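Peer 1:
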Amino acid sequence: MRGPRLLLVLLLLTAFTLTALDARSGQGSPFDALRRGADAALGPPQRALGGAARGVGKLLGGDSDEQAALREENDRLRAQLRRTDDLRRRVAQLDALLALKDSGSYPMVPARVTAVGSAFGFESTVTLDAGSSDGIAPGQTVVDGNGLVGRTLRVGPFTSTVLLLTDPGFTVGARLTRAGTVGLASGSGDGLEFALVEGGRIAAGDGLLTTGSDTFVPGVPVGRVTSVAAPGGSPVTTAQVRPYADLTAVDLVGVVTGPPRRTPRVPLEPSTRP
Amino acid sequence: MTVRRCLLSVAAVLTALLLQSTVLARLPLPGGAPDLLLVLVVAFALAEGPRSGALTGFGAGLLADLGADHELGRTALVLALVGYAAGLVHDDPSLGASGKRSTAVPFVVVGLSAAAAVSVYAAQGLLLGDARITGAAWLSALVGTVPYCVLLTPFVVPVVAALVRRVGQEPVRHPW
Chain X
0 MRGPRLLLVL LLLTAFTLTA LDARSGQGSP FDALRRGADA ALGPPQRALG GAARGVGKLL
60 GGDSDEQAAL REENDRLRAQ LRRTDDLRRR VAQLDALLAL KDSGSYPMVP ARVTAVGSAF
120 GFESTVTLDA GSSDGIAPGQ TVVDGNGLVG RTLRVGPFTS TVLLLTDPGF TVGARLTRAG
180 TVGLASGSGD GLEFALVEGG RIAAGDGLLT TGSDTFVPGV PVGRVTSVAA PGGSPVTTAQ
240 VRPYADLTAV DLVGVVTGPP RRTPRVPLEP STRP
Chain C
0 MTVRRCLLSV AAVLTALLLQ STVLARLPLP GGAPDLLLVL VVAFALAEGP RSGALTGFGA
60 GLLADLGADH ELGRTALVLA LVGYAAGLVH DDPSLGASGK RSTAVPFVVV GLSAAAAVSV
120 YAAQGLLLGD ARITGAAWLS ALVGTVPYCV LLTPFVVPVV AALVRRVGQE PVRHPW
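Line order of the protein sequences matches chains X and C.
0 is the number of the first residue of the first sequence in numbering that gives the first Met the number 0; add one for each residue after it.
0 is the number of the first residue of the second sequence in numbering that gives the first Met the number 0; add one for each residue after it.
1. Can you tell me which of C/Gly48, C/Pro33, C/Val109, C/Ala140 puts its alpha carbon nearest to the alpha carbon of C/Ala122?
2. Measure from the C-beta of X/Val115 to each C-beta in chain C and report whether the shortest distance is under 9 Å.
3. From this set, X/Ala178, X/Ile201, X/Asp143, X/Thr256, which residue's C-alpha is nearest X/Tyr243's C-alpha?
4. Comparing the C-beta of X/Thr209 with each C-beta of chain C, is any distance below 9 Å?
5. For X/Thr247, tell me which candidate among C/Val149, C/Pro157, C/Arg50, C/Pro29 has the shortest Cα-Cα distance.
6. With C/Val155 and C/Leu26 assumed to form a contact (beta carbons below 8 Å), what rounded beta-carbon distance in angstroms separates them?
7. Leaving out five residues on either side along the sequence, give the residues of the same chain with a beta carbon under 7 Å from the beta carbon of C/Ala44.
8. Just mark X/Ala238 as buried or exposed, buried being the case when its beta carbon has 16 or more other beta carbons within 10 Å.
9. Using a Cβ cut-off of 9 Å (strictly closer), state whether X/Val254 contacts chain C.
10. Would you mind giving the Cβ-Cβ distance between X/Thr18 and C/Leu71, rounded to the nearest angstrom? I have them listed as a contact below 8 Å.
11. Would you list, in sequence order, the uninterrupted beta strand (DSSP E) runs of no fewer than 3 residues that lie entirely inside the segment 102 to 187 of chain X?
12. Can you round the beta-carbon distance between X/Leu207 and X/Gly218 to whole angstroms, since I take them to be within the 8 Å contact cut?
13. Which residues of chain C have a Cβ atom closer than 8 Å to the Cβ of X/Phe15, listed in chain order?
14. Nearest CA to the CA of X/Leu163: which residue from X/Ser28, X/Gln139, X/Phe157, X/Gly179?
15. Within the 9 Å Cβ cut-off, does C/Pro27 reach chain X?
16. Select from the segment 17 to 45 of chain X all residues with a C-beta closer than 9 Å to any C-beta belonging to chain C, and list them in chain order.
17. Would you mind telling me which residues of chain X sit closer than 8 Å to C/Ala53, beta carbon to beta carbon, in chain order?
18. Which term fits X/Leu99, buried or exposed, when burial requires 16 or more other beta carbons within 10 angstroms of its beta carbon?
19. With DSSP as the reference, identify every bridge partner of X/Glu316, one or two as the case may be.
20. Spatial neighbours of C/Ser20 within its chain, please: C-beta separation below 8 Å, excluding the five flanking residues on both sides.
21. So if DSSP puts X/Leu251 in a beta bridge, which residue, or which two residues, is it bridged to?
22. With DSSP as the reference, please indicate the residues paired to X/Pro220 in a beta bridge.
23. Kindly list the residues whose CB is nearer than 7 Å to the CB of X/Gly199, restricted to its own chain and excluding five residues on each side of it in sequence; keep chain order.
24. Given that C/Gly31 touches chain X, what residues does it touch there, using C-beta distances under 7 Å?
25. Of all the CB atoms in chain X, is at least one closer than 9 Å to the CB of C/Ser20?
26. Can you tell me whether C/Ala59 is buried or exposed, with buried defined as 16 or more other CB within 10 angstroms of its CB?
27. Determine which residues of the segment 2 to 17 of chain C have a Cβ less than 8 Å from any Cβ of chain X, and write them out in chain order.
28. So C/His89 contacts chain X; which residues on that side make the cut at Cβ distance below 8 Å?
29. How would you write the range of the alpha helix (DSSP H) that C/Leu71 sits in, first residue to last?
30. X/Val255 to C/Val159, Cα distance in whole Å?
31. Is X/Ala32 helix, strand or coil by DSSP?
32. Put C/Ala85 into one of helix, strand or coil per three-state DSSP.
33. In the DSSP assignment, the alpha helix (DSSP H) including C/Glu47 goes from what residue to what residue?
34. Just verifying my parser: in three-state terms, what is the DSSP assignment at C/Val22?
35. May I ask you to report which of helix, strand or coil DSSP gives X/Ser226?
36. I'd like to know if the segment 12 to 19 of chain C and the segment 78 to 85 of chain X are in contact, where contact means that at least 3 CB-CB pairs between them fall below 8 Å.
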């Protein structure tokens, strides 16, 4: 009995030392190269098995090709519809003043989900079959046909790891489509929790769009408010949000790899009519 | 430990890691997913004892940590501990030798091990200040992991036991 016990103590000490080293170094961990190596080694077999996994999904009640095409079209139309609330507001506020053209075109790299990570259910990450050789970098916005999926964490040459928006470590600035008020949406495990920065009203059924930051592209649909909690006396109004993206079946996604193709802002000249 | 026996562990862990990330974690199951790596570690522990359980758990956990978004060594610690504890069942004479133990034992051990793994991981996360660990997250991880792991038991434990027997397990002195 002494042998295994000593071995266990050694293993636990090693594991704990690794954890401590990794936790203290934060960015630029000494294990980053090891992580990238593991990603690179596991990428090809995961990609090969990804096809098998999709086959299994199809057997368990997936779509035929025709259904898939219809679903895709449906998703696209629905996404357009979701943007209209916000568009109307913006049109009223801004377009009278600025010669703004809706800049909806970001350079985007399509990718497929090849693997899913969960850490006993405490984390939500997925692996994509595209990486830095396709122009992907850490911290980029990931979307699917329905809306926001997450942001890239770690990027290898041919694979990248994405933090899903339901992960408790995920936070994004978001705006209510009807009221236009801004707040922060954070992952809560199975959905998102949205909290307004300053007071305001949230109604169930409101839509959320990203506000945009150095990490996130603005105007990406995030989700819909399902219930509002205004704890007595609390100045912060919070709401539960269900993401538009279907994260249990997330498969084909797009990674936004750069700034939008710029629309030139033409200065508004004062009227020169006599 | 013979070379063949080492190869078996490495092949089993790599296969489990790939199947877990590409197939099992993506099954459209409500609430959670089975953890093949955990069931595999328990299966090795039940077939060979605490030494095998702790070693397999450590290796499998370290590989899982490399692909995840948390500090290296966290899953390794949890699975080494769980593998060791499950291996004590193999050594316990009151539960019968591994050949003629009750069929309920593996199910119970896997269930308890899964609950222990989730809880130890959560406790360790609290110590490290992991913002993901909350009471609600712990509960939903328990509910989403334990039953599916138990369901996986009859597909993994007998297979690992048969493989270990075939490769020929002899009590070998370890260099460590």
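Virtual Cβ for every residue (Gly too), placed ideally from N, Cα, C.
Keep in mind it's a predicted model, so treat the numbers as computed, not measured.
Peer 2: In terms of the structure at hand:
1. Counted from its first residue, the second sequence places residue 122 of chain C at position 123. Looking at the Cα atoms, C/Ala140 is the closest of the given residues.
2. Looking up residue 115 of chain X in the first sequence gives position 116. Cβ-Cβ to chain C under 9 Å: yes for X/Val115.
3. If you number the first sequence from 1, residue 243 of chain X lands on position 244. Nearest C-alpha to X/Tyr243: X/Asp143.
4. Position 210 of the first sequence, counted from the first residue, corresponds to residue 209 of chain X. For X/Thr209, the answer is no, since every Cβ of chain C falls outside 9 Å of its Cβ.
5. Counting from one through the first sequence, the residue named residue 247 of chain X turns up at place 248. Ranking C/Val149, C/Pro157, C/Arg50, C/Pro29 by Cα distance to X/Thr247 puts C/Pro29 first.
6. Along the second sequence, one-based indexing puts residue 155 of chain C at 156. Along the second sequence, one-based indexing puts residue 26 of chain C at 27. Not quite, the Cβ-Cβ distance comes to about 16 Å (not below 8 Å), so this is no contact.
7. Position 45 of the second sequence, counted from the first residue, corresponds to residue 44 of chain C. Contacts found: Ser51, Gly52, Gly82, Ala85, Gly86, His89.
8. The count along the first sequence starts at 1 and reaches residue 238 of chain X at position 239. When all chains shown are included, X/Ala238 counts as buried.
9. Residue 254 of chain X sits at position 255 when you count from the first residue of the first sequence. With 9 Å as the cut-off, X/Val254 does not count as an interface residue toward chain C.
10. One-based indexing of the first sequence puts residue 18 of chain X at position 19. One-based indexing of the second sequence puts residue 71 of chain C at position 72. With 8 Å as the limit, X/Thr18 and C/Leu71 qualify as a contact, their Cβ atoms being about 7 Å apart.
11. 107 to 116, 124 to 127, 140 to 142, 147 to 154, 159 to 163, 170 to 175, 181 to 186
12. As a first step, residue 207 of chain X is located in the first sequence; it is residue number 208 there, counting from the start. As a first step, residue 218 of chain X is located in the first sequence; it is residue number 219 there, counting from the start. Their Cβ separation, rounded to whole angstroms, is 11 Å, which puts X/Leu207 and X/Gly218 out of contact at 8 Å.
13. Stepping through the first sequence from its first residue, residue 15 of chain X is reached at position 16. Result: Gly72, Leu76.
14. As a first step, residue 163 of chain X is located in the first sequence; it is residue number 164 there, counting from the start. If we check each option's Cα against that of X/Leu163, X/Gln139 comes out closest.
15. On the second sequence, position 28 is the one that residue 27 of chain C refers to. Taking Cβ atoms only, chain X reaches closer than 9 Å to C/Pro27, which makes this a yes.
16. Leu17, Thr18, Ala19, Leu20, Asp21, Ala22, Ser28, Phe30, Leu33, Arg34, Gly36, Ala37, Asp38, Leu41, Pro44, Gln45
17. Numbered from its first residue, the second sequence carries residue 53 of chain C at position 54. Under the 8 Å cutoff, chain X gives Pro3, Leu6, Leu7, Leu10.
18. Here residue 99 of chain X is taken as the residue at index 100 of the first sequence, counted from 1. At X/Leu99, the pLDDT of 33 sits below 50, so the modelled position is not reliable and the matter cannot be decided from this model.
19. Nothing can be reported for residue 316 of chain X, as the shown portion of chain X is limited to 0 through 273.
20. Taking the second sequence and counting its residues from 1, one reaches residue 20 of chain C at position 21. Gly66.
21. Counting from 1 along the first sequence, the entry for residue 251 of chain X is found at position 252. For X/Leu251, which the question treats as bridged, DSSP gives the partners X/Arg111.
22. Taking the first residue of the first sequence as position 1, residue 220 of chain X is located at position 221. DSSP, once it has assigned bridges, lists X/Leu208 as partnering X/Pro220.
23. As a first step, residue 199 of chain X must be located in the first sequence, where it is residue number 200. These residues qualify, in order along the chain: Ala178, Thr180, Thr236.
24. Along the second sequence, one-based indexing puts residue 31 of chain C at 32. Within chain X, the residues near C/Gly31 are Gly120.
25. Working through the second sequence from its first residue, we reach residue 20 of chain C at position 21. So, interface residue.
26. Locating residue 59 of chain C in the second sequence gives position 60, where the first residue counts as 1. Buried: at least 16 other Cβ atoms inside 10 Å.
27. Leu16, Leu17
28. Looking up residue 89 of chain C in the second sequence gives position 90. Within chain X, no residue comes near C/His89; the closest Cβ sits about 11 Å away, beyond 8 Å.
29. Position 72 of the second sequence, counted from the start, is the residue given in the question as residue 71 of chain C. Where C/Leu71 is concerned, there is no enclosing alpha helix (DSSP H), given that its DSSP letter is neither H nor E.
30. Counting from one through the first sequence, the residue named residue 255 of chain X turns up at place 256. Counting from one through the second sequence, the residue named residue 159 of chain C turns up at place 160. For X/Val255 and C/Val159, the distance between alpha carbons rounds to 44 Å.
31. Counting from one through the first sequence, the residue named residue 32 of chain X turns up at place 33. It is helical.
32. Along the second sequence, one-based indexing puts residue 85 of chain C at 86. Helix.
33. In the second sequence, residue 47 of chain C corresponds to position 48, counting from 1. From DSSP, the alpha helix (DSSP H) with C/Glu47 extends over 35 to 47.
34. For the purposes of this step, residue 22 of chain C is identified with residue 23 of the second sequence, where counting begins at 1. Coil.
35. Stepping through the first sequence from its first residue, residue 226 of chain X is reached at position 227. Residue state, collapsed to three classes: strand.
36. no
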